[in-house]
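J.:
Protein chains in written order, with the numbering used here: chain A, 1 to 203; chain B, 1001 to 1203.
1. Can you pull the chain A residues whose beta carbon is under 8 Å from the beta carbon of residue 1106 of chain B, in chain order?
2. Starting from residue 162 of chain A, follow its DSSP beta bridges and name the residues at the other end.
3. Have a look at residue 30 of chain A and residue 160 of chain A and give me their C-alpha separation to the nearest angstrom.
4. Taking a Cβ distance cut-off of 9 Å, strictly less, list which residues of the segment 49-64 of chain A are near chain B, in chain order.
5. Just to confirm before moving on: does the CB-CB distance between residue 137 of chain A and residue 86 of chain A stay below 9 Å?
6. Do you know how far the Cα of residue 1120 of chain B is from the Cα of residue 153 of chain A?
7. Contact defined as beta carbons within less than 8 Å: I believe residue 122 of chain A pairs with residue 90 of chain A. What is the distance between those atoms, to the nearest angstrom?
8. Would you say residue 43 of chain A lies against chain B (beta-carbon separation less than 9 Å)?
9. Cβ of residue 1069 of chain B less than 9 Å from any chain A Cβ?
10. For residue 15 of chain A, does the three-state DSSP call read helix, strand or coil?
11. Using 8 Å as the Cβ pair cut-off and three pairs as the minimum, do the segment 40-57 of chain A and the segment 1052-1069 of chain B touch?
12. Please name the residues in the segment 1170-1186 of chain B whose beta-carbon is closer than 8 Å to at least one beta-carbon of chain A, in chain order.
13. Would the segment 1033-1044 of chain B count as touching the segment 1174-1190 of chain B if we require 3 or more Cβ pairs under 8 Å?
14. Do we get a CB-CB distance below 9 Å when we pair residue 77 of chain A with the residues of chain B?
15. When the Cα of residue 109 of chain A is compared with those of A/141, A/34, A/37, A/164, which residue comes out closest?
16. So, at 6 Å on beta carbons, what are the nonlocal neighbours of residue 163 of chain A in its own chain, with the 5 sequence-adjacent residues on each side left out?
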């Protein structure tokens, strides 16, 4: 048998083992309920990932709710884009910018609470398959919302509804409550290479 | 001054310092060229993040190219969704499934090369603002494409074009060539809690 043929054979065997492992994992997970995903860490891609999941859900013909915490004052292509689908997407942006751009704590709290009321409404609607709570972790980090109440409201959602929470510094209790948590670590960032945040990538 | 007023004052000062740091970072990054982003690691959200960046770019009125490596045989809501915008998005899916579902190395190589030819075409088109190379790292990991050529082709793109590469196991040379790299670590995964991959979230 030639070296290349042997390599192909080894590859085939390795892939068959992998497929078996993946198939078993899926077979072992029969529970059909919605999941709570938390995307945290200091790296890029947390919010983008949440919006990508929203796009995927729309591709499956599902309805989506999006609440943006903190980022209200930022130009975001996501908002412009997802507002194209008013029948499928309910989009709410909290009426404040990054906290370090407002510097008014009481005002941030009031706006965070108003945004949370919209989130709760979405999490009470069984027609909504996925709710994205973008940068919620930041609002929690600054104590703008009560963590216990937030977790209770998330856990009271319809059984098949998915909730995706993004933002660095996810509180341990939320991580504990989550089904899936991804910690996005920054290995390298364009800022460090002296490249300006680009429209369409950074925001 | 009341305790609450003091807390608000401390908060205001901390936020002012943060804003200063962020503003300086942005001011120090004047270079307006496109960036190469690599989203890797074992956690969930790599592909979703790339698709979210594509959505953001579309929101900014930019044109996008998407090439899906490896995932061709998978039901993906992203494909269904982004194919809604044929004028703004060029979408190509490599004609093969996960490698462990095909188990034919030569066939995978031929299909990876055909998909790369489409990627190169997109990276030669100055009208395309962002090119998403989804799961390219997997094709590289299995040696389906030549790493040196892949990096050279990416580096030969138009100056303002962004390229986003996803997939676990990004090769060091690609990480070296990247402007931004996010390593997505899996802290917790729903499979472990015995919850089946959900339409609209897992795929």
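Every residue, glycine too, gets a C-beta built ideally from N, C-alpha and C.
T.: According to the structure data:
1. 8
2. A/130
3. Interpretation of residue 30 of chain A is limited by its pLDDT of 44, a score under 50 that renders its predicted location unreliable; the figure taken from the coordinates is listed afterwards. C-alpha separation (whole angstroms): 14 Å.
4. 49, 50, 51, 52, 53, 54, 55, 56, 57, 58, 59, 60, 61, 62, 64
5. no
6. 47 Å
7. 6 Å
8. yes
9. no
10. Assignment of residue 15 of chain A by DSSP, reduced to helix, strand and coil, places it in the helix class.
11. yes
12. 1175, 1178, 1179, 1180, 1181, 1182, 1183, 1184, 1185, 1186
13. yes
14. yes
15. A/141
16. 36, 131, 154
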